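I have placed the structure first, in the form of structure tokens, so that the comments after it can refer back to it.
Laid out in structure tokens, this is it:
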């Protein structure tokens, strides 16, 4: 990576209640900020209460400042479509009314072309029986919402979880984005072991997997999404027979969840964007982190250092200096 200041761009998405639209984008590599607010209307600096009257023309939205080199607009669109019901023009889930409708507000002709292409691809996928009604509109003045509504998932975690579950948003996404067709596609794409590990939380045999004793310089990426998860610079021999790392490359690309399957509480690890199970986190690793990310080789694909540029991962070459 060079020393030039990173290029930043804006992306604006409306997807119903903005409380639910922040966390999926937040803390990903290249995401600078995610702000909840109002846009598309005819009044200046509207309040939450005013927008709720449906008289301002504004809708709830999030505005994302991001670095396209690290997280391209196409990936933002992929996340966005999986958060919403694009066939509902009367609101989103339990929130009804014009101010909760969906829309993509584009800030350039390039964004418009990419948004239109993604919408066409979504239609062609036939995931939804009803027509796709999400509009693609020119970006309008964006007014940040009150402090109460910023980072709601962090400031009111229990309220957020209850609201998200009660809204039906998660259930809808699971129904349309992790269905039988998706699983069959993955079965064809992956080996039997890769599918068992990434989709069923399987564990490959120790000492009989591809990367347990592999120490060539390079990156280990998600076998499904190619997101960079771990670096050889952080790899160590744990003596367990599985690949082991002291830390991930990008904290925002790893999701942690409680795992009770062994009769004790452990921390299971998933690749955040693909949802693939990759392994477990233990706290018996070397200094300075003492963290031990025990990962299944079947969940990974290795890219040698000399091939990073060709795989659009040249920005990580500095890890090996």
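In this note's numbering, the protein residues as written are 595 to 915. Glycine included, C-beta positions come from ideal geometry on N, C-alpha and C. Since the structure is predicted, the reported quantities are computational estimates derived from the model, not experimental observations.
For residue i: DSSP bridge partner residues
i, result
"residue 700", "732"
"residue 659", "604, 627"
"residue 897", "813"
"residue 647", "Answer is none; residue 647 lacks a bridge partner."
"residue 889", "873"
"residue 689", "686"
Residue range of the alpha helix (DSSP H) that includes residue i
i, result
"residue 760", "751-761"
"residue 849", "It is not in any alpha helix (DSSP H) - residue 849 instead sits in the beta strand (DSSP E) that spans 848-853."
"residue 816", "Per DSSP, residue 816 belongs to no alpha helix (DSSP H); it is in the beta strand (DSSP E), 812-816."
"residue 859", "Where residue 859 is concerned, there is no enclosing alpha helix (DSSP H), given that its DSSP letter is neither H nor E."
"residue 789", "786-794"
Whole-angstrom distance between residue j and residue i, CA atom to CA atom
i, j, result
"residue 738", "residue 627", "12 angstroms"
"residue 769", "residue 714", "21 angstroms"
"residue 666", "residue 691", "31 angstroms"
"residue 596", "residue 629", "Per-residue confidence for residue 596 stands at a pLDDT of 42, beneath the threshold of 50, marking its modelled position as unreliable; the derived number appears in the next sentence. When rounded, the distance between both Cα atoms is 28 angstroms."
"residue 902", "residue 822", "11 angstroms"
"residue 842", "residue 825", "7 angstroms"
"residue 829", "residue 810", "10 angstroms"
"residue 832", "residue 900", "26 angstroms"
"residue 716", "residue 804", "36 angstroms"
"residue 675", "residue 660", "18 angstroms"
"residue 862", "residue 772", "20 angstroms"
"residue 643", "residue 687", "20 angstroms"
"residue 698", "residue 819", "24 angstroms"
Exposure label - residue i; buried when at least 16 CB within 10 Å
i, result
"residue 875", "buried"
"residue 866", "buried"
"residue 788", "buried"
"residue 712", "buried"
Contacting residues, own chain, Cβ-Cβ under 6 angstroms from residue i (five flanking each side not counted)
i, result
"residue 617", "747"
"residue 839", "824, 828, 829, 887"
"residue 853", "860, 862"
Own chain partners of residue i with C-beta closer than 7 angstroms, once the 5 adjacent residues on each side are dropped
i, result
"residue 758", "614, 764"
"residue 623", "664, 665, 844, 846, 847"
"residue 625", "619, 658, 660, 665"
"residue 745", "616"
Beta-carbon proximity list for residue i, same chain, < 8 angstroms, skipping 5 on both sides
i, result
"residue 640", "632, 650, 652, 737"
"residue 798", "787, 791, 836, 890, 891, 892"
"residue 600", "661, 663, 664"
N-terminal and C-terminal residue of the beta strand (DSSP E) that residue i is part of
i, result
"residue 727", "Residue 727 -> no beta strand (DSSP E), and no H or E assigned at all."
"residue 873", "871-876"
"residue 673", "Premise fails: residue 673 lies in the alpha helix (DSSP H), 667-675, not in any beta strand (DSSP E)."
"residue 780", "Unbroken run through residue 780 is the alpha helix (DSSP H), 774-783; no beta strand (DSSP E)."
"residue 824", "822-825"
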